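If you count by our numbering, then the sequence shown holds residues 14 to 110, one letter each, in order. The C-beta atom is built at its ideal place from N, Cα and C for all residues, glycine as well. All values reported here derive from a predicted model rather than from experimental measurement. Working notes, structure below.
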Amino acid sequence: MINADILLNNSKWCEYLSYFINDNIKNSEICNDLEQLYTELDKLKIYYSTLSNNCIISNFKITKDVFVKKKKLYLLSEILFWIKNEYESISYVEQDK
């Protein structure tokens, strides 16, 4: 289970949202006005977000192929982040030999 404090104390949730939105845009029909979409998202974010951090939803202005590579790298780095995070919380006890 993910510790909710991690998501509340930094912008991880915003990063996840950015990748989710961009992935859906890249895999859907062409949107006529992406700038308007991001403007509206920023308005909704302010209205619905109760967190006090500064979430900036990233608009990746890159091709679909480049985005797929970027997303893969991001997901791998997140896996490493969570492994490291959980690994550091494990306390080791030396056994007497």
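Per-residue burial, Ser-31 [other beta carbons within 10 Å of its own, 16 or more giving buried]: buried
Element boundaries [alpha helix (DSSP H), containing Asn-35]: 25-39
Within 8 Å, strictly: CB atoms of Lys-84 and Cys-68: no
Residue from Val-81, Ile-43, Asp-55 and Glu-53 whose Cα sits closest to the Cα of Asp-36: Val-81
Ser-71 to Leu-86 span [Cα, whole Å]: 16 Å
CB-CB length for Lys-39 against Lys-77, believed under 8 Å: 5 Å
Three-state class that DSSP yields for Asp-13 in the structure shown: This structure gives no information on residue 13, because the portion of the chain shown stretches from 14 to 110.
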